[in-house]
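Structure, as structure tokens:
Numbering (my numbering), first residue to last: 3 to 169.
Here it is in structure tokens:
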């Protein structure tokens, strides 16, 4: 079964740190993503400090996985870059690459939505002392899964249209 089919959102983790060499592999995978005009508009903040993770949990209800995650990778988005209309797509590709690599490495993770909600990204900016025209795009909670979720097949033929809408 392909890696894509094995990946699912993991929200509960055991208390075991992710080694730095695996963190590097996750970041390398994120930076390998395609980007518009090859701009590679990303920066990443890596958080493994428990006190900071506890503050990031307060971002939103969806951030609860950070209660048990031992790692959070935060891709950063610069709205004013050369290809601003495509930055969200670029960062989405980088985020998915990180989640796929986490699965490949025996880790689990979940994408926690942040941008463009100013309440969410401003909270993170305050916690992490982020200033300037760059914002947290999302938070990726990562760690060793507490338990594996069953694989759910999501293919739905009724959502496929050939050549024209509705066909």
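Idealized CB from N, CA, C, for every residue including glycine.
Expressed to the nearest angstrom, what Euclidean distance is found between the alpha-carbon atoms of residue 68 and residue 123? 16 angstroms
What's the gap between the Cα of residue 142 and the Cα of residue 51? 15 angstroms
Alpha carbons only, please: which of 152, 148, 145, 121 is nearest the one belonging to residue 139? 121
Does the pairing of the region 126–139 with the region 48–63 give three or more beta-carbon distances under 8 angstroms? yes
Among residues of its own chain, excluding the 5 on either side of residue 13, which ones have a beta-carbon nearer than 6 angstroms to its beta-carbon? 67, 112
State the Cα-Cα distance for the pair residue 21 and residue 145, rounded to the nearest angstrom. 10 angstroms
Determine the burial state of residue 78: buried for a count of at least 16 other Cβ atoms within 10 Å of its Cβ, exposed for fewer. buried
Of the residues 15, 32, 163, 38, the one placed nearest residue 86, counting alpha carbons only: 38
Write down the C-beta distance between residue 104 and residue 35 rounded to the nearest angstrom, noting that I regard them as a contact closer than 8 angstroms. Between residue 35 and residue 104 the Cβ distance is about 14 angstroms, and since that is not below 8 angstroms, they are no contact.
Please determine, among 101, 54, 53, the residue with the shortest C-alpha to C-alpha distance to residue 6. 101
Let me check understanding here. Comparing Cα to Cα, which of 106, 53, 93, 152 lies closest to residue 2? Past the edges of the chain, shown from 3 to 169, lies residue 2, and the structure says nothing about it.
In angstroms with no decimal places, state the Cα-to-Cα distance between residue 17 and residue 64. 20 angstroms
Limits of the unbroken alpha helix (DSSP H) element including residue 59: It is not in any alpha helix (DSSP H) - residue 59 carries neither H nor E in the DSSP assignment.
Unbroken beta strand (DSSP E) run spanning residue 19, endpoints: First-last for residue 19: undefined, no H or E at that position.
On the criterion of 16 or more Cβ atoms from any shown chain inside 10 Å, does residue 152 qualify as buried, or is it exposed? exposed
Return the Cβ separation of residue 126 and residue 61 in integer angstroms, given the expectation that the two are a contact with Cβ distance under 8 angstroms. 6 angstroms
How would you call residue 110, buried or exposed, if buried means at least 16 neighbouring beta carbons within 10 angstroms? buried
Please list the terminal residues of the continuous beta strand (DSSP E) segment that includes residue 112. 110–115
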